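Undergrad:
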Amino acid sequence: MTERRTIAVFATGGTISAVADARRRHGGGLSGTDLTAFYRDLDDSVELRPIEVDRIPGRAMTPGNMLTLATRITEEVSRGCDGVVVLHGTDTLEETAYFLALTLSVPVPVVVTGAMRLPAQPGADGAANIRAAVVAACDDRLRDLGPVVAFADELHLARRVAKVHTTRVDAFASPGHGPVGLVSEGKAILYSTGRPGTDHLGMPPAAELERTRVPLLWVTAGDDGSLCEAAAATSSGLVVAGTGGGHTPPPFAGRLASVIKTGVPVVLASRCPAGPLLTDTYGGPGGEGELAAMGVVPVGDLPAVKARLRLQVALALGMAPRDAFPIW
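Residue numbers (the numbering used here): -1 to 326.
Here you go:
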């Protein structure tokens, strides 16, 4: 006889719960209980424990909201459950998934999912994504992968996943890597069962996280870096999404050098969707060699939006930025 599993389902809002009003504005209308009710009719071997956290769209999610979610998950797991599912808006789903990877240390699988189509639309995908997420959360092997994202029956590592399309139901992918598994016939099929790297940093104090500001500057052709100094003046650190293997226009690099001299840490990622930063190919103004020499901290192949969250959490924990970014 299959052991009955208890899965805590945290509802935060988003398209998966949205209901349209008379003016076709969409807000969080369905509760966690509403969203999980269908599953109980399909599988009585799983007990779902719905927990309301927020009813906000993905675009409104903040690191503070993410910290509240992480805290609530930690508390609920301590009370006893076999897995966790988070229902989330898709605009920032990849960021919340990675924030949970940074902060959570729980002995159960954690799976994040959402929906691209409204519940009342033809072909709505929310129910299928919840079912896949619950199946994944029941599989103890996922504990070693850290938080994962379940979408369109694929499973993706929090560090790798990105929203790569604005409207399709298969909107999530892991550029340069692919999914770590899939859900088929009510089972999780994993391509890897070993922990792929170290994302966890710790749970920062809420007040420290709130006062730690880390903007992300996206480098473009001809960018003179004029925003660097303005952003640094009111920030705890900067993340720069450079071109190619981690480069900036020469004037931009000059501004970064001035910022670093003020003591504000600068972390370098790439604006490319896949691939590692270069370390020893290009010299000269704005090349990765010069940027490294001036003290810019490289992130390896971590995406820029996740490097921003990682730096924010690290600084809120009092960590040195260079210690927070091992080259995986």
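Beta carbons are placed, not taken as given, at the ideal position from N, Cα and C, and that holds for glycine. Remember, predicted model here, so these are calculated numbers, not experimental data.
Enumerate in chain order the residues of its own chain whose CB-to-CB distance from T210 is below 6 Å, with the five nearest sequence positions on each side excluded.
TA: Excluding positions up to five away in sequence, the list reads S234, Q310, L313 and A314.
Undergrad: Can you tell which of M64, T218 and P105 has its C-alpha closest to the C-alpha of S76?
TA: When each option's Cα is compared against that of S76, the closest is P105.
Undergrad: If I measure Cβ to Cβ from I258 and keep anything under 8 Å in the same chain, skipping five residues before and after, which residues do I get?
TA: Result list for I258: V264, M292, G293 and V294, in chain order.
Undergrad: Rounded to whole angstroms, what's the CA-CA distance from L85 to R166? Just pull it up for me.
TA: Computed Cα separation, rounded: 18 Å.
Undergrad: Would G281 be called buried (16 or more neighbouring beta carbons within 10 Å of its own) or exposed?
TA: So G281 ends up on the exposed side.
Undergrad: Is the separation between the beta-carbon of V51 and that of R3 shorter than 8 Å?
TA: Cβ distance not < 8 Å, so V51 and R3 don't count as in contact.
Undergrad: Can you tell me whether DSSP reads E152 as helix, strand or coil?
TA: Note: E152 maps to strand in three-state DSSP.
Undergrad: Based on Cα-Cα distance, which residue from E73, A35 and V133 lies nearest to V83?
TA: It is V133 whose Cα lies nearest to the Cα of V83.
Undergrad: Would you kindly check if the distance between the Cβ of L67 and the Cβ of D197 is under 8 Å?
TA: No; because the gap between Cβ atoms is not below 8 Å, this pair is not in contact.
Undergrad: Please determine, among S15, S172, P296 and P248, the residue with the shortest C-alpha to C-alpha distance to Q119.
TA: Answer by Cα proximity: S15.
Undergrad: Using the rule of at least 16 other Cβ atoms within 10 Å of the residue's Cβ for burial, across every protein chain shown, is Y189 buried or exposed?
TA: Y189 comes out exposed.
Undergrad: Excluding sequence positions up to five away, which residues of its chain have a Cβ less than 8 Å from the Cβ of D123?
TA: Result list for D123: A113, M114, R115, A150 and V167, in chain order.
Undergrad: What residue ranges within the stretch 42 to 74 form continuous beta strand (DSSP E) runs of no fewer than 3 residues, ordered along the chain?
TA: Those beta strand (DSSP E) runs which fall completely within the stretch 42 to 74 and span 3+ residues are 44 to 50.
Undergrad: If we count the other Cβ atoms within 10 Å of its Cβ and call it buried at 16 or more, is G121 buried or exposed?
TA: G121 comes out exposed.
Undergrad: Taking just the CA atoms, how far does L65 sit from R183?
TA: Correcting the residue type first, residue 183 is Glu in the shown sequence and not Arg. Going from the Cα of E183 to the Cα of L65 covers about 34 Å.
Undergrad: Quick check on DSSP: helix, strand or coil for A341?
TA: Because residue 341 is not part of the residues shown, which for the chain are -1 to 326, the question remains open.
Undergrad: Indicate whether R308 and A322 have their beta-carbon atoms separated by less than 8 Å.
TA: For R308 and A322, yes; Cβs fall inside 8 Å.
Undergrad: In angstroms, rounded to a whole number, what distance separates the CA positions of T218 and T241?
TA: Cα to Cα, T218 sits roughly 7 Å from T241.
Undergrad: Would you list the residues sitting across from R3 in a DSSP beta bridge?
TA: Answer is V44, bridged to R3.
Undergrad: In angstroms, rounded to a whole number, what distance separates the CA positions of G179 and P324?
TA: Cα to Cα, the separation comes out at about 25 Å.
Undergrad: Taking the CB atoms as reference points, tell me whether T72 and L91 lie closer together than 8 Å.
TA: Result no, Cβ atoms of T72 and L91 do not sit closer than 8 Å.
Undergrad: For T13, name the three-state secondary structure that DSSP assigns.
TA: In this structure, T13 counts as helix in the three-state DSSP scheme.
Undergrad: Whose C-alpha, out of L214, I5, F8 and G12, is nearest the C-alpha of A58?
TA: Of the candidates L214, I5, F8 and G12, the one whose C-alpha sits nearest the C-alpha of A58 is G12.
Undergrad: Excluding the 5 residues preceding and the 5 following M31 in the sequence, name in chain order all residues of the same chain whose CB lies nearer than 6 Å to its CB.
TA: With the sequence shown as reference, residue 31 is identified as Thr, and Met is not the correct amino acid for it. The answer, listed in chain order, is P48.
Undergrad: Indicate whether G231 and P213 have their beta-carbon atoms separated by less than 8 Å.
TA: Correcting the residue identity first, residue 231 is Ala in this sequence and not Gly. No, they are not a contact pair.
Undergrad: With DSSP as the reference, label A314 as helix, strand or coil.
TA: Here A314 sits in helix by DSSP.
Undergrad: Output the distance between the C-alpha atoms of P248 and C79, rounded to the nearest integer angstrom.
TA: If you take the alpha carbons of P248 and C79, they lie about 53 Å apart.
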